[in-house]
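Notes follow the structure.
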Amino acid sequence: MVSLVVVAIFLLWGTLFQPPQAAAFKPLFKDDSITHREITQIAILRKTAEVCRDIATAQGRPFTLAINNRLTVSAVQQACATSPDSSSAISSLSFYSAIIEMYLSNAAIDAVFALSAARHIDNEAFGEGRDLITSGMATVKASVQKGSFISGRITLGAVCHTLQDFYSHSNWVELGSTAPFSPLIRRELLLDNLADRSTPTCKSCNGKDCRDNILPEILLQKKLTSGYFNIVFSAKPVGKCSHGGFLDRTSSTDPTGGINKDDISSSHGFLHQRAAEMAINATMELLQDIRLATGNPDFLRLMGLSQTSVLAFVIDTTGSMSDDIEEAKRVSFSIIDSRRGTSEEPSEYILVPFNDPDFGPLTRTADADIFKARINSLTAFGGGDIPEMCLSGLLLALAGAPPSSDIFVFTDASAKDFQLKSAVQAMIERTKSTVTFMLTDALSFRRRRDVSQSQQFNSRIIPTLDMIQLYRDLAQMSGGQTIEVPRASLSQATAVITDASTSALVTVFQVVRSPAIAENFSFVLDPSLSNVTVYVTGDSPVFTIYSPTGVSQSDSVADGPLGSILTVGNLRRINLNSDNQTGMEWKISIDSASFYSLKVTGQSSVNFLFNFVEQSEGGDIIPKANRPFIGRNATLFVSVTGGDSVTVTDVLLVEASGSDVVNGTIKAVGATDFLVNVDRIPVGAFVVQLKGLLNHSTRSLPSQFQRQSPTQQKGSRVTITAQPNSTIEPGIPFDLSFTLVNNATGSNFTIRARTDRGFSVSFPSSLNVGTEGSAQGTVTLTAPPNTQSGTDVTLTIEAEDPESSDSNYMALRFSVMTKVTDIFSPVCQVVSINADCPVECSTASWELSANLTDGNGTGISGVSFNRGNGSLSLSIVISEDGTNVTVASYNASCCSQEVELVVVDMVGNVGTCFTSIKSVTVTTVEPSTITNKPSTITNKPSTITNKPSTVITTPNRGYFVSFSMSVLLCNLIVVLM
445 MVSLVVVAIF LLWGTLFQPP QAAAFKPLFK DDSITHREIT QIAILRKTAE VCRDIATAQG
505 RPFTLAINNR LTVSAVQQAC ATSPDSSSAI SSLSFYSAII EMYLSNAAID AVFALSAARH
565 IDNEAFGEGR DLITSGMATV KASVQKGSFI SGRITLGAVC HTLQDFYSHS NWVELGSTAP
625 FSPLIRRELL LDNLADRSTP TCKSCNGKDC RDNILPEILL QKKLTSGYFN IVFSAKPVGK
685 CSHGGFLDRT SSTDPTGGIN KDDISSSHGF LHQRAAEMAI NATMELLQDI RLATGNPDFL
745 RLMGLSQTSV LAFVIDTTGS MSDDIEEAKR VSFSIIDSRR GTSEEPSEYI LVPFNDPDFG
805 PLTRTADADI FKARINSLTA FGGGDIPEMC LSGLLLALAG APPSSDIFVF TDASAKDFQL
865 KSAVQAMIER TKSTVTFMLT DALSFRRRRD VSQSQQFNSR IIPTLDMIQL YRDLAQMSGG
925 QTIEVPRASL SQATAVITDA STSALVTVFQ VVRSPAIAEN FSFVLDPSLS NVTVYVTGDS
985 PVFTIYSPTG VSQSDSVADG PLGSILTVGN LRRINLNSDN QTGMEWKISI DSASFYSLKV
1045 TGQSSVNFLF NFVEQSEGGD IIPKANRPFI GRNATLFVSV TGGDSVTVTD VLLVEASGSD
1105 VVNGTIKAVG ATDFLVNVDR IPVGAFVVQL KGLLNHSTRS LPSQFQRQSP TQQKGSRVTI
1165 TAQPNSTIEP GIPFDLSFTL VNNATGSNFT IRARTDRGFS VSFPSSLNVG TEGSAQGTVT
1225 LTAPPNTQSG TDVTLTIEAE DPESSDSNYM ALRFSVMTKV TDIFSPVCQV VSINADCPVE
1285 CSTASWELSA NLTDGNGTGI SGVSFNRGNG SLSLSIVISE DGTNVTVASY NASCCSQEVE
1345 LVVVDMVGNV GTCFTSIKSV TVTTVEPSTI TNKPSTITNK PSTITNKPST VITTPNRGYF
1405 VSFSMSVLLC NLIVVLM
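Straight run, no breaks: the sequence shown in this note's numbering ends on number 1421.
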């Protein structure tokens, strides 16, 4: 199940102190007010739909979706499907998950940085707020360039919060503005006409009526100001506006009242809707800039727009694994070749090899041919001492793969790095990814175990531990399987990889029993399901499956009335016949010699994702950063895919290895979103189960359905909190302070910390909570000086009570980023247009030439074109003053009469120029004298922009050239310099 990776930016201040929530579009679900969550989602859906529309238009495909504020995730996902296939279910869970990552990161700013004037553009902190926005945008672009999409989303969500707050906390709306304030996202534009600190801006409100409390001269002179806010002190500069609200102490100081538009009951709540709409448009403008800098394909990946699964392999490359490597190649090549260009083509490919003592590197790509080349280059070599670096390789894959990936581990040896088990468990819980181990020659594996356990590694002796049980434990808690087969039968067992790599895969039911007990289980198959498969693994499992009509089939019948059964090693795979796949209640009775697992999956657009959250008083929901507290109440935020046809009736926390069930109280907070309150967190591991009703247009009565999270969750009696930044600089140590809280005083906790990239980490080996029940610690993290900008790193901090084995963790994700000093966008200047086009569309063509420069900036990294269907060629020339100039030559049919050139520099600054021919004419403008130089510029995939523009029209020539305001200003700046 796709869900959420909760990372550093999401952290709360702690369980002992909740900061005030008075500085944002803050209400969660209050009257007709619009929240940060809704503003962010609306902007993402609209911009994503625009990108998909433009791609469809360029490819000659229809796009009929109306783009407005009422878009749904499912509707945009369906409209953006490049290979629509009515016979295949389309999952929007990845899209949902990415949006939730962004808007919960947005909401977390109110908890982590509640009192930061810059984060909320309070106290007239326009420059500081703009610096946060633009540096964050640079980080997002660098993250996308490195393929670090999760980090990019988290930074993007935080940036959007500050941007959106400007329109609620400043007087930009009161000034009568009708367009976003672009200087907030472009550092080369001036923050002009700001009210200085000594300029009065407000008068006291008339009681609670603050409609005209901004001074007339401020409005007349278009002076920009924002409200002052403080929860402790009432002082503020003389004559300044306040934020307002009962938590703002400055609002009681003359001039009283406030100007915030956070909700409709705020001081300026009468302008709330206009402020929210302006915030939506500003967020779209920011997204458009990122889109132009990254290109359409990577922008859509950043948005999480993917309807298919990820193919992820972690492969042992020691000498005995040659046959396994060949099988991994065979099955992956088969999946790639059979699904290219279809709705089932994997969206991303992950590969991590491991050996001893090495593991990695991580290959993460959307290009199937690159993945093919990497896996094809693997060879089996070395080994001999049996244990390998399996968990190190798996940890790298978990940190690098998208959330809720299905990861397959191929090995025939035990794990040398078994001490990483808790770190792997933490990453599985955070990413909610599923791990399946493909273990070959398991009997030989067991015999060799005793030899491996006698060897010393890192001055430690591997304890007497069934290493297969280690893999079983990890597979069980992730919702995966441990498949033990003879090497000769591996090709049959890899059918589970083909099953898992299909789109819209859902888990209907899953259970593990260890030790095994004979038990009967039931599950519901609803009409939305197809390709239902039942998996049973265990030591000599015995089972019988029963349909709702009473028809049965035992494990000994390979082809029976209900389906076909594949038996290989310890795996039983039952493919239900297509005419037997739905019904109210199916049953299965099962037993095994020692342990067994049962898993039921299918394809369906109906699924769910969840995250544990906390709701601040009067504020939005904020995600928890680690395990919930055992025995206490908790809140889950649940989103359901499949459209408005789904009614949720039950959300349950079900004990994974027992019978304990905690039923939640459900509150709908939208058509597909729910807040679920549970009165306690179970003591043991648990899964989240969802039940409901599915309405059908062809049926008079709704059908029951059920879904289950495959990944197990755990509670804890210890809590870790921290307040980190989301970025670190290469080569500069970063100190992260964290707090450990526990009910029992005097407990001594073992502390462990590590990163997925092997960065230098120092930390205390233990902490004692003392009589106060809490303790402070510091982790120092240092990225190597040569780490490239945009690289993401995951830091895991664990705290364990050695006496009770109770533990908790934090999985924090950081972006490594060097400071960006290039703030100027490249300049795009059209210098010649040759057009001789008839009124009607014809085979005639027209040409355009433009000079592209970046002044003293970092240099041009890419050039693309939009709104056109022509060809673009590039060359580099030297002007008379010695400046490098990239000459762009564009040629198109007269049927395609407009084009926008997009120029991006090395740090993601964007410049554009737009040209349109309108009537028959021949026009030529000669460029300046230049000298040819070999081209070094690579053309990027085309993208499209819809930015507001200033139009320069020449009536006696049948064309016009339109430059964006930012490009015109850039030209002026270059001239002045």
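Note that CB positions come from ideal geometry on N, CA and C, so glycine has one too. These figures come from a predicted structure and were not determined experimentally.
Please tell me whether residue i and residue j are closer than 8 angstroms, where the distance is taken between their beta carbons.
i        : j        : result
Gly-1312 : Ala-1336 : yes
Gly-683  : Pro-699  : yes
Ile-941  : Val-775  : yes
Ala-1197 : Ile-1241 : yes
Ile-1264 : Val-1346 : Note that residue 1264 is Val in the sequence shown, not Ile. For Val-1264 and Val-1346, no; Cβs fall outside 8 angstroms.
Phe-1130 : Glu-1099 : yes
Ile-872  : Met-833  : no
Cys-685  : Thr-645  : yes
Thr-926  : Ala-932  : no
Ala-493  : Ala-523  : yes
Ser-947  : Ile-544  : no
Cys-649  : Asn-637  : no
Ser-1259 : Ser-592  : yes
Asn-550  : Ser-670  : no
Leu-822  : Pro-797  : yes
Val-1095 : Leu-1134 : yes
Leu-755  : Ile-779  : yes
Closer than 6 angstroms by C-beta to residue i: which residues in its own chain qualify, once you throw out the five before and the five after it? Chain order, please.
i        : result
Val-1274 : Ala-1294, Cys-1357, Thr-1359, Val-1405
Pro-624  : Asn-725, Ala-726, Glu-729
Gly-573  : Ala-562, Ile-565, Thr-606
Gly-1159 : Arg-1071, Pro-1072, Ile-1074, Ile-1125
Leu-460  : The predicted position of Leu-460 is uncertain, since its pLDDT is 31 and thus under 50; a value taken from the coordinates is nonetheless stated next. Contacts found: none.
Ile-1018 : Val-978, Gly-1007, Ile-1009
Gly-596  : Val-584, Ser-587, Val-588, Leu-746
Ser-710  : Asn-704
Asn-674  : Arg-693, Thr-694
For the beta strand (DSSP E) containing residue i, list its first residue and its last residue.
i        : result
Asn-1328 : 1328–1337
Met-1028 : 1027–1035
Ala-1067 : Rather than Ala, the amino acid found at residue 1067 in this sequence is Pro. Segment 1065–1067, the beta strand (DSSP E) holding Pro-1067.
Ile-1018 : 1015–1020
Thr-1287 : First-last for Thr-1287: undefined, no H or E at that position.
On the DSSP bridge list, what partners appear for residue i?
i        : result
Phe-1054 : Val-1082
Gly-1046 : Val-950
Arg-641  : BP columns for Arg-641 are empty, so no partner.
Phe-881  : Val-853, Thr-926
Cys-646  : Ile-658
Asp-970  : Answer is none; Asp-970 lacks a bridge partner.
Thr-1194 : Ser-1210, Glu-1244
Pro-1126 : Paired residues: none, contrary to the question.
Quick one: what's got a C-beta closer than 7 angstroms to residue i's C-beta in the same chain, skipping five residues either side?
i        : result
Asp-1200 : Leu-839, Leu-840, Ala-843, Val-1237, Thr-1238
Ser-1317 : Ser-1333
Ala-772  : Phe-757, Ile-759, Ile-819, Phe-854
Asn-1121 : Asn-1077, Thr-1079, Gly-1108, Thr-1109
In the DSSP assignment, find the unbroken alpha helix (DSSP H) run with residue i in it and report its ends.
i       : result
Arg-490 : 480–502
Ser-866 : 865–875
Phe-539 : 537–556
Pro-741 : 740–746
Ala-519 : 517–524
If you drop the 5 nearest sequence neighbours on each side, which residues of the same chain put their C-beta closer than 8 angstroms to that of residue i?
i       : result
Ser-678 : Arg-693, Thr-694, Ser-696, Thr-697
Val-681 : The identity of residue 681 in the sequence shown is Pro, whereas the question assumes Val. For Pro-681, where only same-chain residues beyond five positions count, the Cβ hits under 8 angstroms are Arg-641, Ser-642, Tyr-672.
Phe-825 : Thr-761, Thr-762, Gly-763, Asn-799
inquiry  = Three or more C-beta pairs under 8 angstroms: does that hold for the region 1046–1053 against the region 949–958?
reply    = yes
message = If contact is defined by three or more beta carbon pairs under 8 angstroms, each pair taking one atom from either stretch, is the region 924–941 in contact with the region 1011–1019?
response = The answer is yes - the region 924–941 touches the region 1011–1019, with three or more Cβ pairs under 8 angstroms.
task = Tell me, please, whether the region 1216–1233 touches the region 1174–1188 by the rule of three or more beta-carbon pairs shorter than 8 angstroms.
result = yes
request  = Count the C-beta pairs between the region 1027–1037 and the region 983–996 that are closer than 8 angstroms, then say yes if the count reaches three, no if not.
outcome  = Contact between the region 1027–1037 and the region 983–996 is present: three or more C-beta pairs spanning the two stretches fall below 8 angstroms.
inquiry  = Using 8 angstroms as the cut-off, can you tell me whether the region 1338–1345 makes contact with the region 1284–1294, which would need three or more C-beta pairs spanning the two stretches below that distance?
reply    = yes
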